[in-house]
Amino acid sequence: LTFRTFEMTQNSPSSEQQLAGNSPASRDIAFHMHPYTNPAMLGDAGPHIMAQGNGVFVVDDAGNQFYEGMSGLWCTSLGFSEPELIDAAMAQFKKLPFYHSFAGKTVNPAIDLAELLIANAPPAGGDSVMSKVFFAASGSEANDTAMKMVWYYNAALGRPEKRKIISRRKGYHGVTMAAASMTALAYAQDGFGLPLDFVKHTTAPDFYNGAKDGESEEDFASRCAAELETLILEEGPETVGALFAEPVMGAGGVIIPPRTYFEKIRAVLEKYDVLLVADEVICGFGRTGNMWGSQTMDVRPDMLTCAKALSSAYLPISAVMLSEKVYAPIAKQAEQLGIFGHGYTYSAHPVCAAVALRAQQLMQERDIVGHVRRIAPQFKSRIERLARFDFIGNLRAIGLIGAMEFAANRQTGEKFEPSQKIAAQAVAIIQKHGVILRALPGDIIGFCPPLIITAAEIDDMFDRIESGLDEFSALAAKLC
Ligand code: PLP
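Reminder that position 299 of the sequence shown reads as 330 in this note's numbering, one-by-one numbering, no gaps.
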């Protein structure tokens, strides 16, 4: 046995790596390329190293405890230390740590999980019902898969040119090439030459920023639908395959659509035979006070993608749900071609499926959706109390997801200078008061705590957020 040794050739460590020293922070800066991170800022400030989780709290390597006010990335709905999920993983690891689902193979947790998801599925579009589940490992993969299924479906129906995809501005759908093309946010596209040309963007359902003077929510919803119809007609309805939409937009700023929005959007899509795909990656599994955001917002999708809280994010797993209307032609085409030629090594991974299954059972056993409904009014009223800060222009919440949006002038809605990065500065101060939140584009801070949060924890978390904003007030006054 021989070991390769480093020589000072092109494979040798960079000088930065040699100078790194031994602290975890310096080694992180030297060796770890972070997702969604400014490398220069990471180099200056260093990483924030998390060491432990406990219920709705995380603890860093210096022993500081924080409320995780965003459930990590909108995902750890059952908190950071659920023993039942750890036990479910260990039991499956010991039995069968990996198997695949190609060529008709499967495992029991995947069968049980697919059955449970279909039993709990939201109403589907038209006269159809959700009938099949396809598994992947991430939200992005689920959305890429759903897009390919839209193409396959239309090709099966003899109209292969019906493949353009529409998403809404400010929508977030992931970062793989197709998903990032649908993610209509500059930070996910700049520098990559995206979006790919078959993806088109339509109006965001953002009443606060998008409505014209005197326009009601219903009027604004009608205009969103009319603008969607104009886009479909401009592109040619025979070339448009699907609209992807989050029931409540998450990363784009927690945007709750105006009243009557989805019924008007659906009417346009039905008119031109365009499929509706609900991206439930954040909204799914209780977040909005129903099992699905599609129920809260009356979406009635033809397909649905979900991930994150499916396993409370303990292990990576995502799913695409197909209505029978979409599945039947796909199955027929696959039969003719001899195979449905799509799948991931980790589709229906047994340990991920076992953890997701237990997470979904716990949701039911503990009536997590009922808990969200009971606690949502308190969450909303604590968010609304933030109106006492005059640098806040808009506050919104539904279920256990919400946001505050900054305004330099509340009356006119005038924004702060983007270069002031007002939301990021507020997030940094609030973090000193013990709550981790996230700045979203457009000077917005999101709230998305684990669904298990108690009434006392909501109060304490918002007391801390208010203390942080009190401290931030002096800075905001200087910038207004
Ligand atoms: N869709 C939505 C609505 C999301 O919020 C996200 C991630 O935040 C994704 C898709 C992408 O999921 P992933 O990061 O697991 O690829």
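Just so you know, even glycine gets a beta-carbon here, dropped at the ideal spot from N, CA and C. Keep in mind that this is a model prediction, so the values were computed, not measured.
Between which two residues does the beta strand (DSSP E) harbouring THR85 extend? Position 54 of the sequence shown, counting from 1, holds the residue named residue 85. Here residue 85 turns out to be Asn, not Thr, going by the sequence shown. Note, ASN85: beta strand (DSSP E), 81-85.
Verify the contact flag: ALA390, CB atom, against every heavy atom of ligand 1, threshold strictly below 7 angstroms. As a working mapping, residue 390 is identified with position 359 in the sequence shown. Checking the Cβ of ALA390 against ligand 1 gives no.
Just to confirm, is the Cβ distance from VAL206 to LEU259 under 8 angstroms? Mapped onto the sequence shown, residue 206 falls at position 175. Mapped onto the sequence shown, residue 259 falls at position 228. Inclusion of VAL206 and LEU259 in the CB contact set at 8 angstroms is not warranted, their separation being larger than that value.
Which of helix, strand or coil DSSP assigns to LYS509: Residue 509 sits at position 478 when you count from the first residue of the sequence shown. Helix, per DSSP.
Could you check whether the Cβ of GLU277 sits closer than 7 angstroms to any heavy atom belonging to ligand 1? Within the sequence shown, numbered from 1, the residue matching residue 277 stands at position 246. Judged by the Cβ position, GLU277 qualifies as a neighbour of ligand 1 at the 7 angstroms threshold, a heavy atom of the ligand being closer than this.
8 angstroms Cβ cutoff met for ASN174 and MET213: Here residue 174 corresponds to residue number 143 of the sequence shown, with the count starting at 1. Here residue 213 corresponds to residue number 182 of the sequence shown, with the count starting at 1. Contact: yes.
Cβ of TYR183 versus every heavy atom of ligand 1: is any distance shorter than 7 angstroms? Residue 183 sits at position 152 when you count from the first residue of the sequence shown. The answer is no for TYR183.
Since GLY103 is in the alpha helix (DSSP H), which residue starts that stretch and which ends it? The residue you call residue 103 lines up with position 72 of the sequence shown. Run containing GLY103: 102-105, per the alpha helix (DSSP H) assignment.
Between which residues of its own chain and ILE90 is the CB-CB distance below 8 angstroms, once the five residues before and five after are set aside? As a first step, residue 90 is located in the sequence shown; it is residue number 59 there, counting from the start. According to the sequence shown, residue 90 is Val rather than Ile. Result list for VAL90: MET81, ALA82, GLN83, GLY84, GLN96, PHE97, in chain order.
Sub-8 angstroms separation of ASP474 and LYS446 beta-carbons: Taking the sequence shown and counting its residues from 1, the one referred to as residue 474 is at position 443. Taking the sequence shown and counting its residues from 1, the one referred to as residue 446 is at position 415. It is a contact, given that the beta carbons lie within the stated cut-off.
Let me check you understand the geometry: is the CB of ILE461 closer than 7 angstroms to at least one non-hydrogen atom of ligand 1? The residue given as residue 461 occupies position 430 in the sequence shown. Flag unset: Cβ of ILE461 not near ligand 1.
Sequence-distant residues of its chain with Cβ nearer than 6 angstroms to HIS464 (five each side left out): Here residue 464 is taken as the residue at index 433 of the sequence shown, counted from 1. Contacts found: ARG495, SER498, GLY499.
Pair within 8 angstroms by beta-carbon distance, VAL330 and PHE293: Stepping through the sequence shown from its first residue, residue 330 is reached at position 299. Stepping through the sequence shown from its first residue, residue 293 is reached at position 262. Against a cut-off of 8 angstroms, the Cβ pair of PHE293 and VAL330 comes out as a contact.
Under 8 angstroms: do the region 123-131 and the region 375-385 share three or more Cβ pairs, one atom per stretch? The count of Cβ pairs closer than 8 angstroms, one atom from the region 123-131 and one from the region 375-385, reaches three, so the stretches are in contact.
Could you tell me which of ILE197, PHE124, LEU109 sits nearest to CYS479, measuring between CA atoms? Reading the sequence shown from its first residue, position 448 is the one you call residue 479. Looking at the Cα atoms, LEU109 is the closest of the given residues.
May I ask you to check if the CB of TYR130 is nearer than 7 angstroms to at least one heavy atom of ligand 1? For this step, residue 130 is matched to residue 99 along the sequence shown. Result no, Cβ not under 7 angstroms from ligand 1.
Would ARG318 and ILE484 qualify as a contact pair, given that the criterion is a beta-carbon distance under 8 angstroms? As a first step, residue 318 must be located in the sequence shown, where it is residue number 287. As a first step, residue 484 must be located in the sequence shown, where it is residue number 453. Going by C-beta atoms, ARG318 is not nearer than 8 angstroms to ILE484.
Taking DSSP's pairing of strands, which residues face ILE476 in a bridge? Sequence index remark: in the sequence shown, residue 476 carries index 445 (1-based). ILE476 is bridged by DSSP to MET435, ALA470.
Output the distance between the C-alpha atoms of ASN151 and ARG427, rounded to the nearest integer angstrom. Here the question's residue 151 lines up with position 120 in the sequence shown. Here the question's residue 427 lines up with position 396 in the sequence shown. If you take the alpha carbons of ASN151 and ARG427, they lie about 27 angstroms apart.
What's the C-alpha gap between LEU188 and CYS314? Numbered from 1 along the sequence shown, position 157 holds the residue referred to as residue 188. Numbered from 1 along the sequence shown, position 283 holds the residue referred to as residue 314. In a straight line, the C-alpha of LEU188 is about 31 angstroms away from that of CYS314.
Could you tell me if the beta carbon of SER169 falls within a distance shorter than 7 angstroms of some heavy atom in ligand 1? Here residue 169 refers to the residue found at position 138 of the sequence shown. Look at SER169: its beta carbon is less than 7 angstroms from one of the heavy atoms in ligand 1.
Pull up the distance between the alpha-carbon of ALA384 and that of ILE117, whole angstroms please. The count along the sequence shown starts at 1 and reaches residue 384 at position 353. The count along the sequence shown starts at 1 and reaches residue 117 at position 86. Rounded to the nearest angstrom, the two C-alpha atoms are 13 angstroms apart.
From the DSSP secondary-structure annotation, give me the bridge partner or partners of PHE166. On the sequence shown, residue 166 is found 135 positions in, with the first residue counted as 1. Beta-bridge pairing by DSSP links PHE166 to ALA350.
According to DSSP, is GLY424 helix, strand or coil? By one-based count along the sequence shown, residue 424 stands at place 393. Reduced to three states, the DSSP call for GLY424 is strand.
SER450 and VAL386 look like a contact to me (Cβ under 8 angstroms); what is the Cβ gap, rounded to whole Å? Position 419 of the sequence shown holds residue 450. Position 355 of the sequence shown holds residue 386. No, SER450 and VAL386 are not in contact; Cβ-Cβ is about 43 angstroms, not under 8 angstroms.
Does the Cβ of THR261 have 16 or more other Cβ atoms within 10 Å, making it buried, or fewer, making it exposed? Looking up residue 261 in the sequence shown gives position 230. Around the beta carbon of THR261, a 10 Å sphere encloses fewer than 16 other beta carbons of the protein chains shown; the residue is thus reported as exposed.
Rounded to whole angstroms, what's the CA-CA distance from LYS201 to ALA455? Just pull it up for me. Taking the sequence shown and counting its residues from 1, the one referred to as residue 201 is at position 170. Taking the sequence shown and counting its residues from 1, the one referred to as residue 455 is at position 424. Each residue's alpha carbon lies about 18 angstroms from the other.
Using the beta-carbon count (16 or more within 10 Å), is TYR67 buried or exposed? In the sequence shown, residue 67 corresponds to position 36, counting from 1. Taking all protein chains in view, the Cβ of TYR67 is surrounded by fewer than 16 other Cβ atoms within 10 Å, so the residue is classified as exposed.
Integer Cβ distance of ASP310 from HIS204, believed to fall under 8 angstroms: What you label residue 310 is simply residue 279 of the sequence shown in a count that begins at 1. What you label residue 204 is simply residue 173 of the sequence shown in a count that begins at 1. Between HIS204 and ASP310 the Cβ distance is about 6 angstroms, and since that is below 8 angstroms, they are a contact.
Closer than 7 angstroms: GLY313 CB and nearest ligand 1 heavy atom: Numbered from 1 along the sequence shown, position 282 holds the residue referred to as residue 313. Rather than Gly, the amino acid found at residue 313 in this sequence is Ile. For ILE313, the shortest separation between its Cβ and any heavy atom of ligand 1 lies below 7 angstroms.
Using C-beta distances below 6 angstroms, list every residue in its chain close to PRO268, excluding the 5 sequence neighbours before and after it, in chain order. Taking the first residue of the sequence shown as position 1, residue 268 is located at position 237. TYR303, listed in sequence order.
Helix, strand or coil: how does DSSP classify ASN185 here? As a first step, residue 185 must be located in the sequence shown, where it is residue number 154. It is helical.
What is the residue span of the alpha helix (DSSP H) that LEU393 lies within? Residue 393 sits at position 362 when you count from the first residue of the sequence shown. LEU393 -> alpha helix (DSSP H) spans 381-396.
Spatial distance of ALA470 from LYS136 (CA atoms): Start at 1 with the first residue of the sequence shown, and residue 470 comes out as number 439. Start at 1 with the first residue of the sequence shown, and residue 136 comes out as number 105. Computed Cα separation, rounded: 43 angstroms.
So ARG290 and ALA252 are in contact, right, with Cβ under 8 angstroms, and what is the actual spacing, rounded? Within the sequence shown, the letter at position 259 stands for residue 290. Within the sequence shown, the letter at position 221 stands for residue 252. Their Cβ separation, rounded to whole angstroms, is 7 angstroms, which keeps ARG290 and ALA252 in contact under 8 angstroms.
Closer than 7 angstroms to a non-hydrogen atom of ligand 1 - does that hold for the CB of GLY281? As a position in the sequence shown, residue 281 is number 250, starting the count at 1. A heavy atom of ligand 1 is found nearer than 7 angstroms to the CB of GLY281.
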